[in-house]
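Undergrad: The structure under discussion is supplied below as structure tokens; questions concerning it will follow.
There are 2 protein chains.
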Amino acid sequence: MSLRAIAKRLDLSVTTVSRALGGYPEVAADTRARVLAEATRIDYRPNQLARRLRHGRSEAIGLVLPAEAGQFGDPFFLRLLAALGPSLQRAGLDLLVMSARPGAEELRAYRHLVEGRRVDGMLLARTRRDDPRIRYLLDRNAIFVAHGRCEDPRPYAFLDIDGVAACRAATQRLIALGHRRVGLINAAPHYMFAHHREQGWRDALATADLPTGPLRAAEPSEEAGFTLMRALLAERDAPTAVLCATDRLAVGALHAVSQAGLRAGRDISLIGYDDLPIAGCTDPPLTTIEQPIARAGARMVQMLVALLRGADPATQHEIWPARLIPRGSDGPAPTRAGIATTTPNPVQGGRHDATRSDRA
Amino acid sequence: MSLRAIAKRLDLSVTTVSRALGGYPEVAADTRARVLAEATRIDYRPNQLARRLRHGRSEAIGLVLPAEAGQFGDPFFLRLLAALGPSLQRAGLDLLVMSARPGAEELRAYRHLVEGRRVDGMLLARTRRDDPRIRYLLDRNAIFVAHGRCEDPRPYAFLDIDGVAACRAATQRLIALGHRRVGLINAAPHYMFAHHREQGWRDALATADLPTGPLRAAEPSEEAGFTLMRALLAERDAPTAVLCATDRLAVGALHAVSQAGLRAGRDISLIGYDDLPIAGCTDPPLTTIEQPIARAGARMVQMLVALLRGADPATQHEIWPARLIPRGSDGPAPTRAGIATTTPNPVQGGRHDATRSDRA
DNA sequence: ATTGACGCTCAAAACGTTTTGGATTACCCG
DNA sequence: CGGGTAATCCAAAACGTTTTGAGCGTCAAT
Numbered sequence: 088m089s090l091r092a093i094a095k096r097l098d099l100s101v102t103t104v105s106r107a108l109g110g111y112p113e114v115a116a117d118t119r120a121r122v123l124a125e126a127t128r129i130d131y132r133p134n135q136l137a138r139r140l141r142h143g144r145s146e147a148i149g150l151v152l153p154a155e156a157g158q159f160g161d162p163f164f165l166r167l168l169a170a171l172g173p174s175l176q177r178a179g180l181d182l183l184v185m186s187a188r189p190g191a192e193e194l195r196a197y198r199h200l201v202e203g204r205r206v207d208g209m210l211l212a213r214t215r216r217d218d219p220r221i222r223y224l225l226d227r228n229a230i231f232v233a234h235g236r237c238e239d240p241r242p243y244a245f246l247d248i249d250g251v252a253a254c255r256a257a258t259q260r261l262i263a264l265g266h267r268r269v270g271l272i273n274a275a276p277h278y279m280f281a282h283h284r285e286q287g288w289r290d291a292l293a294t295a296d297l298p299t300g301p302l303r304a305a306e307p308s309e310e311a312g313f314t315l316m317r318a319l320l321a322e323r324d325a326p327t328a329v330l331c332a333t334d335r336l337a338v339g340a341l342h343a344v345s346q347a348g349l350r351a352g353r354d355i356s357l358i359g360y361d362d363l364p365i366a367g368c369t370d371p372p373l374t375t376i377e378q379p380i381a382r383a384g385a386r387m388v389q390m391l392v393a394l395l396r397g398a399d400p401a402t403q404h405e406i407w408p409a410r411l412i413p414r415g416s417d418g419p420a421p422t423r424a425g426i427a428t429t430t431p432n433p434v435q436g437g438r439h440d441a442t443r444s445d446r447a
Numbered sequence: 088m089s090l091r092a093i094a095k096r097l098d099l100s101v102t103t104v105s106r107a108l109g110g111y112p113e114v115a116a117d118t119r120a121r122v123l124a125e126a127t128r129i130d131y132r133p134n135q136l137a138r139r140l141r142h143g144r145s146e147a148i149g150l151v152l153p154a155e156a157g158q159f160g161d162p163f164f165l166r167l168l169a170a171l172g173p174s175l176q177r178a179g180l181d182l183l184v185m186s187a188r189p190g191a192e193e194l195r196a197y198r199h200l201v202e203g204r205r206v207d208g209m210l211l212a213r214t215r216r217d218d219p220r221i222r223y224l225l226d227r228n229a230i231f232v233a234h235g236r237c238e239d240p241r242p243y244a245f246l247d248i249d250g251v252a253a254c255r256a257a258t259q260r261l262i263a264l265g266h267r268r269v270g271l272i273n274a275a276p277h278y279m280f281a282h283h284r285e286q287g288w289r290d291a292l293a294t295a296d297l298p299t300g301p302l303r304a305a306e307p308s309e310e311a312g313f314t315l316m317r318a319l320l321a322e323r324d325a326p327t328a329v330l331c332a333t334d335r336l337a338v339g340a341l342h343a344v345s346q347a348g349l350r351a352g353r354d355i356s357l358i359g360y361d362d363l364p365i366a367g368c369t370d371p372p373l374t375t376i377e378q379p380i381a382r383a384g385a386r387m388v389q390m391l392v393a394l395l396r397g398a399d400p401a402t403q404h405e406i407w408p409a410r411l412i413p414r415g416s417d418g419p420a421p422t423r424a425g426i427a428t429t430t431p432n433p434v435q436g437g438r439h440d441a442t443r444s445d446r447a
């Protein structure tokens, strides 16, 4: 089960065996054939531990999952993981995954991977405006590709989705539908993506000479979306449309809407962001912004491979557009009269009867 | 940045330096102090590649995610990943993650990890009744812990949740609530957990001398739950209660129910399985069965560590109970009269009357 | 016949660590 | 003083691979 075993059996040197298997040209054809035959006979697999030491490379890259209560189970990361698989396999790279809570524990994980030479490079996602992980990696001259940007001025490799443009477009769509009070349920604003999405929303409102609508932010979970939306609806001057920075927030918001006896897409418009699988089968199906996570993951691996081959990080960045997927959760702004008729029927009282009477 | 560097600088041998840092007793106190000082001065970190080769262990374990359309993004695995983190860190193990489609690609991933000596052991989840992964690992004498069982008679280490008991209890609960036609929306039956859950459901019905209700199965996704539930509701003899083998199925089913103009928990009872975060904020909140994924993940790591230390796989298996969490999606079976009162006002009419008249 | 080139092969070094099997002192006790 | 023992330390081997530098025939060109 080692080169030496094959060498001994064929009365060759390990050098020749190594070269025969490695496909080097300076080995005689019949020798190579003999080696190959013996190798398949004993089902030889090179010991990765040995070749890694020899090469000084671990042939692996790392990814640290945020194990935060709010993020816990965010489908984004699982989709990213699944997307990474094939590209990594093609590049011959393994993937080391750790989970850590943002903060000191998170940085320990990065140090563990990078300084223990467990990985040749890192991938990271959900960048933050001031991101200590990127700061650390830049300080150490480590190789990495970020999904999203941060505000560190130094050059680094990243792939980002243009959240500003996407949310500007989504907000403009709502404005075009006649909405004048467009709210935003945002993720925590220290996330760069949340900052961008908010910026797009502000842009569109400012361009249309509309006041910025109500803004709420929290960790992007269903619960948070539910709570924040309920709060928005209870306000005196509730918005007629709300942009949600993630689909998880939007799903929660959708529940708050239906629990309030309102009908999304008619009484109030909702637009999400991510196009999670669940977005297609909510009631009504969620209008949302599609993020090409799978393609992004694949491209990030390509960029990382380029960096490992010596490419300049300053040349490795791309910003991709996102695509709005119109479904049923948004629609024309209700007129004043319209709002009056869509409020719950006082006779029936129950919230779900109201929903039905809306439809009838 | 290596033992030799420290040794050279302090005029010691690498042996002594290694021992000083490793905490071996045969090194003088002041020597050790000097070594430690120098080590921290140059921020020495042992090269993992080297020590792994030397030890013949990779200090890592592997996990292969199913990258199947239906499973894509199943929160189960992300929760498992997050749960594994702390335990693995404590055990000094890294986690290698691959993604592969079930079938040949999946087995290639296992061979890649195991035969390339990239990992010391494997974790696997979502076992199947006839599980080629377990067969492979057993054939190769590889070390692994399974979450769930399979039908291979050979002894192996596993941790399972007692789905039979849980689903029996859930079904009994529905029966006690007066339901006589209790359906099951199951995951694909080649999954062991689906088989178990079905068995619990059958047990309870048989014990209560009730006919087995309608049974449907598919990959456990929201869409599938939606589609199957809609089909069940359209049947002539629709069930008054439906047990769903996973929360994702239940969430889809919930949407089908509300889209049919029915109210879960009153017109029809639904019970899920998993207690996903989303289960708490559906409308109504989902009665479900809690699976202690986090604790299970931690325990599986413990078992794996025991195996790596030489424990006998035959001694490493546990079956844990699951806990039913009553929330709002189930309730008393509607009486004939009761159904009439809870059906929507006939004046309002609508497309779902057909379904309702079946049940009336 | 000598030189050079080519084809094939090998021994040895290297990667950085841990471990084995001494070696060298110093010390104590008889 | 000799012999045993403890306390320190070290050189070298080992893990299994890749790579370096060189060796040795054979053959063609000089």
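First to last, the sequence lines map onto chains A and B. Reminder that position 205 of the first sequence reads as 292 in the numbering used here, one-by-one numbering, no gaps. Reminder that position 349 of the second sequence reads as 436 in the numbering used here, one-by-one numbering, no gaps. Cβ atoms here follow ideal geometry from the backbone N, Cα and C, with glycine treated the same way. Quick caveat, the model's predicted, so the values are computed rather than measured.
With distances taken between CB atoms, is the gap from L136 of chain B to R139 of chain A smaller than 8 Å?
TA: Taking 8 Å as the Cβ cut-off, L136 of chain B and R139 of chain A qualify as a contacting pair.
Undergrad: Compute the Euclidean distance between the alpha carbons of M390 of chain B and E377 of chain B, then round it to the nearest angstrom.
TA: Answer to the nearest angstrom: the Cα atoms are 22 Å apart.
Undergrad: Could you say which of A:A275, A:E322, A:L167, A:R382 lies nearest to A305 of chain A if we only look at CA atoms?
TA: For the residues A:A275, A:E322, A:L167, A:R382, the minimum Cα distance to A305 of chain A belongs to A:A275.
Undergrad: How do the segment 348-356 of chain A and the segment 390-404 of chain A stand: do at least 3 beta-carbon pairs fall below 8 Å, yes or no?
TA: No, they do not touch.
Undergrad: Helix, strand or coil for V434 of chain A? Go by DSSP, reduced to three states.
TA: Any reading at V434 of chain A must be qualified, since the residue scores a pLDDT of 35, below 50, and its modelled position is unreliable; the value itself is stated next. Coil, per DSSP.
Undergrad: Starting from Q346 of chain A, find everything on chain B with Cβ-Cβ shorter than 7 Å and list it in chain order.
TA: The contacting residues are D370.
Undergrad: Taking V114 of chain B and R106 of chain B to be in contact with their CB atoms under 8 Å, please state how far apart those CB atoms are, rounded to whole angstroms.
TA: Their Cβ separation, rounded to whole angstroms, is 5 Å, which keeps V114 of chain B and R106 of chain B in contact under 8 Å.
Undergrad: Would you say H234 of chain A faces chain B, with C-beta separation under 8 Å as the test?
TA: Not one chain B Cβ lies under 8 Å of H234 of chain A.
Undergrad: Expressed to the nearest angstrom, what Euclidean distance is found between the alpha-carbon atoms of A447 of chain A and I262 of chain A?
TA: With a pLDDT of 31 at A447 of chain A, under the threshold of 50, the modelled position of that residue is not reliable, and the figure given next carries that caveat. Taking the straight line joining both Cα atoms gives about 27 Å.
Undergrad: Is the Cβ of S416 of chain B closer than 8 Å to any Cβ of chain A?
TA: Not an interface residue.
Undergrad: Hey, quick one: how far does the beta strand (DSSP E) through E405 of chain B stretch, first residue to last?
TA: Segment 404-407, the beta strand (DSSP E) holding E405 of chain B.
Undergrad: Does the beta carbon of Q135 of chain A sit closer than 8 Å to a beta carbon anywhere in chain B?
TA: Closer than 8 Å to some Cβ of chain B, the Cβ of Q135 of chain A qualifies, so yes.
Undergrad: Compute the Euclidean distance between the alpha carbons of P298 of chain A and G250 of chain A, then round it to the nearest angstrom.
TA: If I take the Cα positions, the gap works out to 21 Å.
Undergrad: Contact criterion: CB-CB distance below 8 Å. Does V184 of chain A meet it with respect to chain B?
TA: Chain B, which has a Cβ nearer than 8 Å to the Cβ of V184 of chain A, makes this yes.
Undergrad: Suppose you measure from the CA of G312 of chain B to the CA of R91 of chain A; what does that come to, to the nearest Å?
TA: Approximately 56 Å between the Cα atoms of the pair.
Undergrad: Leaving aside the five residues before and after S100 of chain A along the sequence, list all residues of the same chain whose C-beta is less than 8 Å from its C-beta, in chain order.
TA: Only A94 meet the Cβ criterion.
Undergrad: So, with DSSP's three-state summary, where would you put A304 of chain A?
TA: In the structure shown, A304 of chain A sits in a strand (DSSP, three-state: E or B).
Undergrad: Going by DSSP, name the residue or residues bridged to N273 of chain B.
TA: For N273 of chain B, which the question treats as bridged, DSSP gives the partners B:A304.
Undergrad: Quick check on this structure: which residue in A:E193, A:N273, A:T118, A:A328 has the alpha carbon closest to the alpha carbon of P419 of chain A?
TA: P419 of chain A has its Cα closest to that of A:A328, out of A:E193, A:N273, A:T118, A:A328.
Undergrad: Would M88 of chain A and V232 of chain A qualify as a contact pair, given that the criterion is a beta-carbon distance under 8 Å?
TA: Taking 8 Å as the Cβ cut-off, M88 of chain A and V232 of chain A do not qualify as a contacting pair.
Undergrad: Just to confirm the assignment, what range does the beta strand (DSSP E) spanning M387 of chain B have?
TA: M387 of chain B -> not in any beta strand (DSSP E); alpha helix (DSSP H) instead, spanning 380-395.
Undergrad: In chain B, which residues lie less than 9 Å from H342 of chain A when you measure between Cβ atoms?
TA: Near H342 of chain A (Cβ distances below 9 Å), the residues of chain B are C368, T369, D370.
Undergrad: Which residue wins for smallest C-alpha separation from A381 of chain A, given the options A:L175, A:R119, A:E155?
TA: The option with the nearest alpha carbon to A381 of chain A is A:L175.
Undergrad: What residue from B:Y278, B:A229, B:H282 has the CA that sits closest to A252 of chain B's CA?
TA: Out of B:Y278, B:A229, B:H282, B:H282 has the C-alpha closest to the C-alpha of A252 of chain B.
Undergrad: From L302 of chain A to L292 of chain A, what distance separates their C-alpha atoms?
TA: One C-alpha to the other measures close to 13 Å.
Undergrad: Tell me whether R396 of chain B is buried or exposed, calling it buried when 16 or more other Cβ atoms sit within 10 Å of its Cβ.
TA: Exposed is the call here.
Undergrad: Please return the same chain residues whose Cβ sits closer than 6 Å to the Cβ of D361 of chain A, not counting the five positions on each side in sequence.
TA: Contacts found: T333, D334, Q378.
Undergrad: At least one CB of chain A closer than 8 Å to the CB of R48 of chain B: is that the case?
TA: The structure shown has nothing for residue 48 of chain B, since chain B only spans 88 to 447.
Undergrad: Using a C-beta to C-beta distance shorter than 7 Å, which residues of chain B count as neighbours of S105 of chain A?
TA: Ordered by position in chain B, no residue passes the 7 Å Cβ test against S105 of chain A, which lies about 16 Å from the chain.
Undergrad: Could you tell me whether any Cβ in chain B is nearer than 8 Å to the Cβ of Y223 of chain A?
TA: No - not a single Cβ of chain B is within 8 Å of the one on Y223 of chain A.
Undergrad: Just the chain A side, please: which residues come within less than 7 Å of I365 of chain B by C-beta, in chain order?
TA: Those are E309, listed as they occur along chain A.
Undergrad: By a C-beta neighbour count over all protein chains shown, 10 Å radius and 16 as the cutoff for buried, is D98 of chain A buried or exposed?
TA: That one is exposed.
Undergrad: Going by DSSP in three states, E238 of chain A sits in which element: helix, strand or coil?
TA: Of the three classes helix, strand and coil, the one that applies to E238 of chain A here is coil, per DSSP.
Undergrad: Hey, out of A:G270, A:D290, A:P242, whose CA is closest to D324 of chain A's CA?
TA: The candidate whose alpha carbon is nearest that of D324 of chain A is A:G270.
Undergrad: Taking 8 Å as the CB-CB limit, is L167 of chain A close to chain B?
TA: It does not; no Cβ of chain B falls within 8 Å.
Undergrad: Excluding the five sequence neighbours on either side, which residues of its own chain have a C-beta within less than 6 Å of the C-beta of F164 of chain B, listed in chain order?
TA: L152.
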